[in-house]
Structures are given as C-alpha cells and as structure tokens.
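Engineer: Sharing a structure here in structure tokens format.
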Amino acid sequence: MMLEENVTADTTVIGGGLAGVCAAIAAARLNHKVTLVQNRGVLGGNSSSEIRVWVAGATKHGVNRYARETGIMGELFVENQYRNPEGNPYLWDALLMEKVKEESNIRLFLNTEIMTVKMQDHQKIESISGFMSGSERLITFKSSHFIDCSGDGIVAFLAGAKFRLGRESRVEFNESLAPLHEDKTTLGSTLFFYTKDLGRPVKYVKPSFARDITKTSIIKNRIIKKEDNGCAYWWIEWGGELDVLHDNEKIRDELQAIVYGIWDYIKNSGNYDADNLTLEWIGSVPGKREYRRFEGDYTLKQTDIEEQVLFKDRIGFGGWSIDLHPASGVYNDSVGAQHSVPDGIYHIPYRILYSKNINNLFLAGRDVSTSHVAFGTVRVMATCAVMGQAAGTAAAIAVKHNANPRDVYLHYLKEYQQTLLREDGAILGIKNQDEHDLARQADITSTSTLTEINTYVANAEPYRLTKAAAFTIPVDPQVNQLDIFLSTEKATSLIVKWYSTGNPQNYIPDTLIGKQKIKIDKGFNGWQEVKVNYKPSHAQNLFVVIEKNEDCILYLGNQEFAGVLSYVNNPIAELNQPELHDYSRKSPLLYWTNQLINRRNFVFRVKQTNAFQPTKIINGYVRPYGGPNMWVTNFNGQPEAIELSWKGLQNMKQINLTFNDDVNEDIINLHHHRTYFDEVPELVKAFNLYYWKNGSWKRWWSVDQNRQRHLVKEFEQPIQTNKLKLELLQTNGSQQFSLFEVRVY
Numbered sequence: 069m070m071l072e073e074n075v076t077a078d079t080t081v082i083g084g085g086l087a088g089v090c091a092a093i094a095a096a097r098l099n100h101k102v103t104l105v106q107n108r109g110v111l112g113g114n115s116s117s118e119i120r121v122w123v124a125g126a127t128k129h130g131v132n133r134y135a136r137e138t139g140i141m142g143e144l145f146v147e148n149q150y151r152n153p154e155g156n157p158y159l160w161d162a163l164l165m166e167k168v169k170e171e172s173n174i175r176l177f178l179n180t181e182i183m184t185v186k187m188q189d190h191q192k193i194e195s196i197s198g199f200m201s202g203s204e205r206l207i208t209f210k211s212s213h214f215i216d217c218s219g220d221g222i223v224a225f226l227a228g229a230k231f232r233l234g235r236e237s238r239v240e241f242n243e244s245l246a247p248l249h250e251d252k253t254t255l256g257s258t259l260f261f262y263t264k265d266l267g268r269p270v271k272y273v274k275p276s277f278a279r280d281i282t283k284t285s286i287i288k289n290r291i292i293k294k295e296d297n298g299c300a301y302w303w304i305e306w307g308g309e310l311d312v313l314h315d316n317e318k319i320r321d322e323l324q325a326i327v328y329g330i331w332d333y334i335k336n337s338g339n340y341d342a343d344n345l346t347l348e349w350i351g352s353v354p355g356k357r358e359y360r361r362f363e364g365d366y367t368l369k370q371t372d373i374e375e376q377v378l379f380k381d382r383i384g385f386g387g388w389s390i391d392l393h394p395a396s397g398v399y400n401d402s403v404g405a406q407h408s409v410p411d412g413i414y415h416i417p418y419r420i421l422y423s424k425n426i427n428n429l430f431l432a433g434r435d436v437s438t439s440h441v442a443f444g445t446v447r448v449m450a451t452c453a454v455m456g457q458a459a460g461t462a463a464a465i466a467v468k469h470n471a472n473p474r475d476v477y478l479h480y481l482k483e484y485q486q487t488l489l490r491e492d493g494a495i496l497g498i499k500n501q502d503e504h505d506l507a508r509q510a511d512i513t514s515t516s517t518l519t520e521i522n523t524y525v526a527n528a529e530p531y532r533l534t535k536a537a538a539f540t541i542p543v544d545p546q547v548n549q550l551d552i553f554l555s556t557e558k559a560t561s562l563i564v565k566w567y568s569t570g571n572p573q574n575y576i577p578d579t580l581i582g583k584q585k586i587k588i589d590k591g592f593n594g595w596q597e598v599k600v601n602y603k604p605s606h607a608q609n610l611f612v613v614i615e616k617n618e619d620c621i622l623y624l625g626n627q628e629f630a631g632v633l634s635y636v637n638n639p640i641a642e643l644n645q646p647e648l649h650d651y652s653r654k655s656p657l658l659y660w661t662n663q664l665i666n667r668r669n670f671v672f673r674v675k676q677t678n679a680f681q682p683t684k685i686i687n688g689y690v691r692p693y694g695g696p697n698m699w700v701t702n703f704n705g706q707p708e709a710i711e712l713s714w715k716g717l718q719n720m721k722q723i724n725l726t727f728n729d730d731v732n733e734d735i736i737n738l739h740h741h742r743t744y745f746d747e748v749p750e751l752v753k754a755f756n757l758y759y760w761k762n763g764s765w766k767r768w769w770s771v772d773q774n775r776q777r778h779l780v781k782e783f784e785q786p787i788q789t790n791k792l793k794l795e796l797l798q799t800n801g802s803q804q805f806s807l808f809e810v811r812v813y
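In terms of our numbering, the sequence shown opens at residue 69 and continues consecutively.
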C-alpha cells in the first residue's frame, strides 16, 4: 500500500533548478515556510552533474561590463569559486544542496514528480500531488501560493494557465527576428560528453546505433576539436522540430547517437591525435532549452531587450544576447546560433513572473512570459536564478498581505522592490529608500578617500598601438584634464576621442563629445595632457578612445583599479566563426573587449574626482550604475575606517554590509574558463565594527575570514549609540579597500 501524506507551507516551489533553488531560499530568508519539490535526485537542473551546462548569465562570458549577478545567484558564484575553482560538477551539486538544507524554513522533497493539480473555481490552485519514486509515497502539497520553476511548466499547465508554445509571427510583437508566420518549432535539447587522457592508447569501437557524421552536414558546418568538453559542444542540439517534451526519449536517443558518432570521428578518422583519449562521461538527461511559456500581465519582447526598456516594475536584469538556434539543430545547413546584442544589460519586469489567469501562481525560469525571440536571452540559468529570487520574494510579500501576484504589482511594488534591494537583489537604477535604515540619516566620514585616479604602476608593460585602446572613467562631477602616459620612437600625431556611454549601465562609445589631435615629439616619454573639460548634468562614465598609431606606445599596468576599466579594439572570436554564429545586431560591446587584459589598465590619471567619497555608501546603489557607487580608499595598504554618526542616540540591532566583489569579474561554476583566484581580491577579508559608549569605542562585531559580498548580522541584544565605526583590516588581495553600502536597523 502506498504511503499518503499531506504537506502544508506558505508557498510551494516546484522545480529544483537554479530558479527554484533561489525562489525557495529567497522566501525562506524572509521567514516564510517553503516546500521545494524536485523531480530529480539532485538540485541544479541543467547545471547539475546530470546535465552539466555552465551557468551563463548577464556577463555573456565577460562581454558585458559590471554585469555579474548579485543576490543569491551571486552568493553561489562567489562561494563555488572558493570551494570549487576547478569546476567539479559534483561539488556544485553539493553546494546547492547545502544552501537549501541550511534554510530551516525549507522542506525539500527530491525524486517527486507532480501528477495532479486541484483547483478552486478554475482560477486558484488549492493543492498539487506527486509521487516520490523509490519511496512509494503519494504526497499532497498545500499552500496559499505556488511558484512553477519546473521548466516545462507542469503545474501551470495542469492548472490551466494560458501559455505559448513555438514561435510567434513577425507581426505579433513587431519582432524582426521572428518568422513571417507562427509555427510550433522551439529551441532543441542538448547532450554533453567529457573526455579524459589516460596516458596510454585506448581503442574505441563505436556502438551500432552511432551516427556516421561524415554523411551529415556536421563536418561542414560545425567545429570539432578533440580537446573540447561539455558545453563547448553546445551545438550538439536536436529536437526543435519535434515536441521537446513528449518526444524527450526520442531526442535523447538521437543525441546519444550523435555523441558516439562524433567521438568515433575524433578517435578513428585519423584527423586527430586522440589515441590516449577515452570517454569519461556522457549525459543521459537531455538539457532542454524551451517548451511552454506562460502568459503574464506582460510579454517580454525583442525591442524590450534591444532598447533596454526601463520598466518601472523591474526586478532584475539579464545580459545574454538574444540567442536563437535553428530548430533542426546539429543537422542545420547553416549557422548554429543567431544573435542580437543590446548595448549592455537590460531590465526584467515583474509582470512576466506570474500567470495572468491563475490567481496564486508565480513563474520563474524558462516558463516565464516572453515571446520566443525574447526567450532567447532570458533562458540562461543565472538570469533564471535572478527571476527565481524575485518570484520567491514576491511570494513572501503576497503571503504577508494576503494578496495575489497582481496585487503585488498594483499595491505593493515599492515594498517589494525595496525588499529585493535589502536582500542584495540584482536591480538597476532603484535606490535604497528603506525608511527603517538608520544609516541613511547618518553623517559619514572616513580615514582616507581616493580623490585621484592614477593607474600608474612601476612594472607597467609597453603596449604598441597596433590596435586602438580605450578606458572608461567615472566623471563626478567633471573632468578638466586627462593625462596619458606614453612614449614615441619618432614624431607623430595621436588622436584621442571621448564619448558618453548612453544608458547608465552601458560601457560603450555611444555619443562623441570631444576630440583632440596631439602632436608628439620624437623620443617622447612621459605624461601627455588631453584637454577633456567635460561636466555632465549627473555622474556618469566617459569612454576615452586612443586611436591606432603604431608609432606610439601606451603602458599597461598589472593592477586592478576600482571603478575603472580598459579595453582593446579586439572583436570577440565568435564574429570570426560564421559557421556557428550570425549577428543581426552588433553592439560596440563586441568590438571593445577586455577579456585579454582583464584586471589590467592602461596608464592614465585624472587629478580630481568625487566618485569614491565615503557618502557613496548611503547613496542607495550597491553596484556600478552611472558611477562606481562605492567608497574606495587610497593604495596605502594600511587599515582604514569609516564612521557613521547621528545627532542623537539610536537603537540598533542589525547591521547589513555590502562589500565590493568586483561584479565585472566573469565567474563561472563549471569549466568555461579558469579564474585565477579563489577569493575575490576586492572583498574585505577582516574587519571590526565598533560602537561608541561612555566616551570610548566598544567592539561589537569582528570577522577575520570573510569571502562574502553581502553580510547581515542580527545581534541578540540591541544597543544605543550615536556613532559606529567600521574598521577594515585586510582584503583578499586588493591594495584598495572598497565598500558599497552600510545599513543599520
């Protein structure tokens, strides 16, 4: 006889991929009772050890600037980098499991497939029921709200939520990337494999079902490398012309046949030196990209992405290109992916995260309300995770007010967005306006502040201007003079141009502001003045371009510098891979890159700036947006302190700190690339917090091994004081101390 049981919570989250994990954790951290139901034995969805897709997001593998996600997804990135810099997929599984199990408000049910949904009046979910395989348990889950993060949208579908499947016509949303006529094709699924060098010859006898890829278009239209593993073979995709859900087993069989065929070609064609290689792992669970997309009160579309629409109900951001693959996948006779690239990261509206016709159903992950074209960007997992945190937070707000998802938008939007910000959610352009945050009324002073941008270091290396170079600098409040360190071998002229960057989150040469042609004498070596003289109406970045000139040498330092980035006019490699990538919209982002000089800067100086003042810790922003938005100290290597003071005594019980974790650094969970450090160097490692009492400082909180960006400390006993001092003792490697925000409650 089957065991039957009932489970009740405030909210039930269905799906244990990154959207579901982040939704559950977000709600649980807001003192919300959560049930998390996952149909597999591991968490992580497509990122798990079962499928092994790397967690891509708004950084677009380093193309976008200052774009790495914060909040729960950012926490996972940074912690995995410390524990698992080699990208072991099993250690990634373990981290996700640990994070869920650490939350006492979450009850986790693995290997549980949802089978039925019970409704009230066809508009509200009363309960859902599932079968836990291996345990023979029939479980009914009840809650006031449900979040469908299942990918395919099983609960939303069974509840009767309205959805889209396939591609809309071009005229429906006026999307240039859509087909002329609607159809039912989708993005296909993918299966990966890993190889291993055994140091001795290993034979391979292909199974009879393996595809002979020499008889397909794969040889002509795809790039096969023996050293590639896992996601490097993202293009092993098929099934978009079928029903990706109901034909899942057929798709898996074909993908495995393709994998074994590719491996036969690598091992036995004679075209590769692969004698010592063997197959170490082959996936058995296809990584799905697309199926049902449920309709919310808004449908995200192509122009929203490309124009970076500033939604008033924004709850996070994305930055991956609109990345559309052919339905025929690996057998397509042309490119593997078509891209449209906005000029920076774009905003995601809350209204795509709930069903328009089911009154207690939230959505997060790849089942949210988008067109097929817009889905091509929001589908990547770090963006799904951001939407998961937003949905979990919205559910907590809805439960608090006994409201439905639409009510959160109509009546509680400010509270909702402010709650997301307090939890370090990745929202752009919305300030901290928390009336309970005492720090907002404090006077701020510090022991030192960086007032001059000077990227000079003694060991800077010469960089001959065979390609144009550039850098971005914060302008706050103005730039009168810019000095560039350079040398010449013969007399020449150098052209320098400076541009505004467009939207506050963009780092591109958008609008030309000024230009100067500078005559330089033979044998010159030193600082060259550029008369910029620019004073914008508000703090923003300036994009300075130094045109190509092979007779001129700049200098490239080996020192990162908070709030400053340098670039080379070196287009991304994909632009030279027409057999794999086609770009319908090419942003300057693709041409001005800094992956090859990451964490390095050309040598220049700006003698006066207010961009790093201590008051930035209460300006309301917790990541670069228009400016760095953080307090930064000089390069003196000594402990520094920042002090908050009030005119009268304040009652305090909780401190929130947000340190700089360099969100420009593209951290990845698996093997896309190797980040050389375990702890983000800019993160403050050791600090003391003091409060003022009876004429002296009393230590209240001390940390000596920090590696997190966002810390929340609630004390058992409140204190009364009119002064706090945060003493920064050590970073994890940077020569500067930097801090985004202090909150006091």
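The C-beta atom is built at its ideal place from N, Cα and C for all residues, glycine as well. In this text the structure is predicted, and so the values were computed from the model without any measurement.
If contact is defined by three or more beta carbon pairs under 8 Å, each pair taking one atom from either stretch, is the stretch 413 to 428 in contact with the stretch 372 to 388?
Structural biologist: Flag = yes, the stretch 372 to 388 and the stretch 413 to 428 touch.
Engineer: What distance in whole Å lies between the Cβ atoms of PHE177 and ILE196, which are believed to be in contact at a cut-off of 8 Å?
Structural biologist: Not confirmed; about 11 Å, so no contact.
Engineer: Within this structure, are the beta carbons of THR523 and VAL632 separated by less than 9 Å?
Structural biologist: Closer than 9 Å, so yes.
Engineer: For the beta strand (DSSP E) containing TRP349, name the first residue and the last one.
Structural biologist: The continuous beta strand (DSSP E) containing TRP349 extends over residues 345 to 350.
Engineer: If you compare alpha carbons, which of VAL612, VAL75, VAL123 is closest to HIS739?
Structural biologist: Checked all of VAL612, VAL75, VAL123; the closest Cα to HIS739 is VAL123.
Engineer: Suppose the cutoff is 6 Å on Cβ atoms and the five residues either side in sequence are ignored; what does the same chain contact list for TRP349 look like?
Structural biologist: TYR262
Engineer: Identify every run of the beta strand (DSSP E) within the stretch 571 to 595, keeping only runs that are complete inside it and at least 3 residues long; order them along the chain.
Structural biologist: 579 to 588
Engineer: Determine which residues share a DSSP beta bridge with CYS620 and list them.
Structural biologist: THR556
Engineer: What separation, rounded to the nearest whole angstrom, lies between the Cα atoms of GLU615 and ARG532?
Structural biologist: 11 Å
Engineer: Give the DSSP bridge partners of SER713, in chain order.
Structural biologist: Looking at the DSSP assignment, SER713 forms a beta bridge with ASP511, LYS791.
Engineer: Taking only the alpha-carbon atoms, compute the straight-line gap between SER396 and ASN737 and give it to the nearest angstrom.
Structural biologist: Note on geometry: alpha-carbon atoms of SER396 and ASN737 lie some 29 Å from one another.
Engineer: How is LEU206 classed by DSSP in three states: helix, strand or coil?
Structural biologist: strand
Engineer: CB-CB under 8 Å to LYS293, same chain, minus the five flanking residues each way: which ones, in chain order?
Structural biologist: ALA300
Engineer: For TYR759, is the classification buried or exposed, using 16 other Cβ atoms within 10 angstroms of its Cβ as the cut-off for buried?
Structural biologist: buried
Engineer: Would you kindly work out how many angstroms separate the C-alpha atoms of ASP296 and ILE686, rounded to a whole number?
Structural biologist: 47 Å
Engineer: Kindly give me the distance between the Cβ atoms of PHE231 and GLU358, rounded to whole angstroms, as I take these residues to be in contact under 8 Å.
Structural biologist: The pair is not a contact, with the Cβ atoms about 12 Å apart (cut-off 8 Å).
Engineer: Quick test of the definition: if touching needs 3 or more C-beta pairs under 8 Å, does the stretch 689 to 703 touch the stretch 655 to 663?
Structural biologist: no
Engineer: Taking a contact to mean a Cβ-Cβ separation below 9 Å, would you say ASN472 touches ALA464 in this structure?
Structural biologist: no
Engineer: Less than 9 Å between the beta carbons of GLY694 and HIS778, yes or no?
Structural biologist: no
Engineer: Quick check: the Cα distance between GLU374 and SER439, rounded to an integer number of angstroms?
Structural biologist: Cα to Cα, the separation comes out at about 14 Å.
Engineer: If I'm right that SER302 touches VAL398 with Cβ under 8 Å, what's the distance once you round it to whole angstroms?
Structural biologist: Before going on, a small fix: residue 302 reads as Trp here, not Ser. The Cβ separation is near 10 Å, so there is no contact.
Engineer: Rounded C-beta distance between VAL105 and GLY198? I'm assuming under 8 Å.
Structural biologist: Confirmed, about 6 Å.
Engineer: Taking 9 Å as the threshold (C-beta atoms), are ALA507 and VAL168 in contact?
Structural biologist: no
Engineer: Would you decide whether LEU144 is buried or exposed? Buried here means 16 or more other CB atoms lie within 10 Å of its CB.
Structural biologist: That one is buried.
Engineer: Just tell me which of PRO696, LEU111, HIS504 has its CA closest to the CA of ASN719.
Structural biologist: HIS504
Engineer: Under three-state DSSP, which class holds GLN718?
Structural biologist: strand
Engineer: Determine which residues share a DSSP beta bridge with VAL564 and list them.
Structural biologist: GLN584, ILE614
Engineer: Tell me which same chain residues have a C-beta within less than 6 Å of the C-beta of GLY582, skipping the five on either side of it?
Structural biologist: TRP566
Engineer: Can you list, in chain order, the residues of its chain whose CB lies under 8 Å from that of ASN266, leaving out five sequence neighbours each side?
Structural biologist: It is Leu, not Asn, that sits at residue 266 in the sequence shown. Once the five neighbours on either side are set aside, the close Cβ partners of LEU266 are ASN344, LEU345, THR346.
Engineer: For GLU317, write down the residues that DSSP places opposite it in a beta bridge.
Structural biologist: According to DSSP, which records beta bridges pairwise, GLU317 is partnered with nothing at all.
Engineer: Please say whether LEU643 and TYR651 have beta carbons closer to each other than 9 Å?
Structural biologist: Contact flag set, yes.
Engineer: CB-CB under 8 Å to ASN179, same chain, minus the five flanking residues each way: which ones, in chain order?
Structural biologist: GLN106, ASN107, ARG108, GLY109, MET200, SER201, GLY202, SER203
Engineer: Report the start-end ranges of each beta strand (DSSP E) in the stretch 240 to 317 that is 3 residues or longer and not cut off at the edges.
Structural biologist: Secondary structure remark: continuous beta strand (DSSP E) runs of at least 3 residues inside the stretch 240 to 317, in chain order: 261 to 265.
Engineer: When DSSP labels each residue in this structure, what does ASP475 get in the three-state scheme?
Structural biologist: Note: ASP475 maps to helix in three-state DSSP.
Engineer: Per the DSSP calculation, TYR602 is bridged to which residue(s)?
Structural biologist: VAL547
Engineer: Run through the DSSP bridge pairs and tell me what TYR758 is partnered with.
Structural biologist: ARG767, LYS793
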